[in-house]
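Written out below as structure tokens is the structure these notes cover.
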Amino acid sequence: MKLRLHNSLTRRVEEFVPLDPQRVTMYVCGPTVYNYVHIGNARPYVLFGLLARLLRRQYPKLVYARNITDVDDKINTAAAAAGVPIATITDRYAADFRKDMTRLGVDAPDVEPHATEHIPQIIAMCERLIAGGHAYAAEGHVLFDVASFPAYGELSGRSTDEMIAGARVEVAPYKKNPADFVLWKPSTPDLPGWDSPWGRGRPGWHIECSAMSEAHLGETIDIHAGGNDLMFPHHENEIAQSTCAHGGKIFARYWLHNGMLSIEGKKMSKSLGNTFKLHELLEKHPPDLLRYMLMKAHYRQPLDWSAAALEQAQRTLDGLYTTLRDLADVPATPADDLPEEFLATLTDDLNTPEALAVLSRLGDATRKAEGREARQEAKSALLGAGAFLGLLQVDPEVWFQGATADSALDEAQVQGLVDARQAAKAARNFAEADRLRAELHELGIVVEDTPQGPRWKRASATTATA
0 MKLRLHNSLT
10 RRVEEFVPLD
20 PQRVTMYVCG
30 PTVYNYVHIG
40 NARPYVLFGL
50 LARLLRRQYP
60 KLVYARNITD
70 VDDKINTAAA
80 AAGVPIATIT
90 DRYAADFRKD
100 MTRLGVDAPD
110 VEPHATEHIP
120 QIIAMCERLI
130 AGGHAYAAEG
140 HVLFDVASFP
150 AYGELSGRST
160 DEMIAGARVE
170 VAPYKKNPAD
180 FVLWKPSTPD
190 LPGWDSPWGR
200 GRPGWHIECS
210 AMSEAHLGET
220 IDIHAGGNDL
230 MFPHHENEIA
240 QSTCAHGGKI
250 FARYWLHNGM
260 LSIEGKKMSK
270 SLGNTFKLHE
280 LLEKHPPDLL
290 RYMLMKAHYR
300 QPLDWSAAAL
310 EQAQRTLDGL
320 YTTLRDLADV
330 PATPADDLPE
340 EFLATLTDDL
350 NTPEALAVLS
360 RLGDATRKAE
370 GREARQEAKS
380 ALLGAGAFLG
390 LLQVDPEVWF
400 QGATADSALD
410 EAQVQGLVDA
420 RQAAKAARNF
430 AEADRLRAEL
440 HELGIVVEDT
450 PQGPRWKRAS
460 ATTATA
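Going by numbering that gives the first Met the number 0, 459 is the number at position 460 of the sequence shown; the sequence numbering is gapless.
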């Protein structure tokens with residue numbers, strides 16, 4: 000089944016044809032580790048991590064790189080505010096990022112380069128750009144000469160004036176052109192720095208990704224992906240400096256960009272107090288629910304995070320887990336051969352909303368299946384599709400008891416109240432049974448009476464806030 004992807008550079012959906020099927024390469028811009036990542040930061044890692052899974056089905060030798068930016072002015076500011084060395088900040092938040100990604104079910108990349116480990120490659124790329132007439136040194140800085148690259152702006156489709164305004168570049172007397180951007184800048188004694196031909200300094204943000212991509216994936220890569228907020232200036236600058244450093248070779252053949260996440264229809268921002276940290280959401284909600292939410296909209300479209308959407312996603316997952324719980328006695332393992340309809344949605348530009356719709360239909364088919372063999376086959380297909388999306392990985396009983404959520408409520412205490420209620424019903428003491436049910440409800444526990452006996456689950460924590 001052919002994979003088709005929307006290429007931001009050409010602005011159309013194209014069949015994906017790798018440069019070398021024996022070594023497909025993909026680079027995704029990773030986090031700048033100065034704080035916890037928020038839920039919007041997590042979207043590209045879930046979606047493009049899923050793309051990596053899809054690619055591996057056809058190209059097992061995929062090399063997927065996702066970097067760590069561990070030298071940046073935001074990191075410097077955070078370290079200064081905390082009164083600790085830079086490495087204390089970067090080591091802590093890089094570890095927290097990896098932990099959060101693991102909890103969210105995001106596959107680790109094949110390569111995780113750190114910017115600080117590639118200073119020699121960054122300096123060497125700056126030297127090549129200067130030698131080729133595409134960069135110049137001035138007052139301890141190295142700047143890229145935008146006028147030397149006529150294709151500058153093709154990715155974002157912006158005019159020169161728009162790019163200057165959008166980049167919010169520093170206006171400095173040593174620049175030849177206001178749009179010229181920094182590849183290397185001087186460091187004062189209190190800032191991190193490395194010796195270079197231009198004095199002690201540190202790299203600019205854009206050159207880091209170009210050097211790391213070159214070091215691990217080569218001069219031309221198949222796929223470069225990230226949020227559409229990175230299209231300009233970051234990705235535009237990457238194209239300019241990489242293309243010029245490599246003698247005009249294409250830097251990335253396919254560019255993919257995901258849409259941004261809003262909260263209840265509003266842009267996520269610190270000033271509005273709606274920047275939700277991923278690690279806090281993971282304490283409140285099961286990872287399945289967060290992954291489902293991040294896949295609800297097509298990756299190229301914006302995604303609105305809301306209490307209503309969270310509640311709807313919870314209901315959908317509850318229904319699928321109910322099906323699995325009802326068929327707990329039917330042995331099944333996730334099918335390796337994914338349903339053709341399911342694969343077709345993902346190979347069509349990673350259409351996760353349609354993939355989730357197919358998953359729901361597989362759930363319906365599993366519920367309606369008759370006969371042990373048919374149920375086993377249907378359940379295996381449901382589990383296989385769910386596993387590929389990173390969903391339905393929890394035991395149904397654990398899911399409904401909310402063991403993955405943050406709760407101080409002891410399960411033995413809950414079960415004791417449920418048993419006491421059942422005993423009261425058996426003794427026909429319905430007033431006491433109703434009282435116990437109300438007490439459980441106050442504790443956030445929902446009790447379901449079934450022919451097999453009472454089942455309980457924690458009420459959905461479906462507010463949009465952390």
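Cβ coordinates follow ideal geometry from the N, Cα and C atoms, glycine included.
In summary, residue 452 is exposed, with fewer than 16 beta-carbon neighbours lying within 10 Å of its beta-carbon over all protein chains present.
Taken through DSSP and simplified to helix, strand or coil, residue 267 comes out as coil. Residue range 286-294 is occupied by the alpha helix (DSSP H) that includes residue 291. The Cβ atoms of residue 190 and residue 201 sit closer than 8 Å to each other. The distance from the Cβ of residue 71 to that of residue 31 is about 5 Å, consistent with a contact at the 8 Å cut-off.
Per DSSP, residue 220 is one residue of the beta strand (DSSP E) stretching across 220-226. Distances from the CA of residue 390 to each of 337, 308, 83, 291 were compared; the closest alpha carbon is that of 291. In the three-state reduction of the DSSP assignment, residue 158 falls in the coil class. By the criterion of a C-beta distance shorter than 8 Å, residue 77 is surrounded in its chain by 33, 34, 88, once the five residues flanking it on both sides are discounted. Short of 8 Å from the beta carbon of residue 62, and not among the five residues preceding or following it, lie these beta carbons of its own chain, in chain order: 22, 23, 24, 25, 109, 110, 215, 216.
For the pair residue 175 and residue 140, the CB atoms are not nearer than the 8 Å cut-off. Considered as a whole, the stretch 32-70 harbours 38-57 as its complete alpha helix (DSSP H) runs of no fewer than 4 residues, in chain order. Under DSSP, residue 261 shares a beta bridge with 266, 303. Of the candidates 221, 6, 53, the residue whose Cα lies closest to the Cα of residue 336 is 53. If you look at residue 25, you'll find it in the beta strand (DSSP E) that goes 24-27. The three-state reading of DSSP puts residue 184 in strand, counting E and B together. Under the criterion of beta carbons closer than 8 Å, residue 38 and residue 355 do not qualify as touching, at roughly 18 Å. In the structure shown, residue 350 adopts coil according to DSSP, grouped into three states.
For residue 75, the enclosing alpha helix (DSSP H) starts and ends at 72-81. Within the DSSP secondary-structure output, residue 11 pairs in a beta bridge with 6.
Annotation: the continuous alpha helix (DSSP H) that includes residue 96 extends over 85-102. Residue 228 has its alpha-carbon roughly 23 Å from the corresponding atom of residue 213. The DSSP-derived three-state label of residue 114 is helix.
Here DSSP, grouped into helix, strand and coil, assigns residue 247 to coil.
Just measuring C-alpha positions, the residue of 66, 243, 384 sitting nearest residue 130 is 243. Per DSSP, residue 447 is one residue of the beta strand (DSSP E) stretching across 444-449. By the C-beta criterion, the stretch 255-262 is judged to be in contact with the stretch 39-48, since at least 3 inter-stretch pairs fall below 8 Å. Judged by DSSP in its simplified three-state form, residue 191 adopts coil rather than helix or strand.
DSSP lists 183 as the beta-bridge partner residues of residue 202.
DSSP places residue 361 within a helical segment (H, G or I) once states are collapsed to three. Residue 141 carries a strand assignment under DSSP once its states are collapsed to helix, strand and coil. The beta carbons of residue 96 and residue 143 sit no closer together than 8 Å. By the Cβ rule, the stretch 367-378 counts as touching the stretch 322-335, because three or more pairs are nearer than 8 Å.
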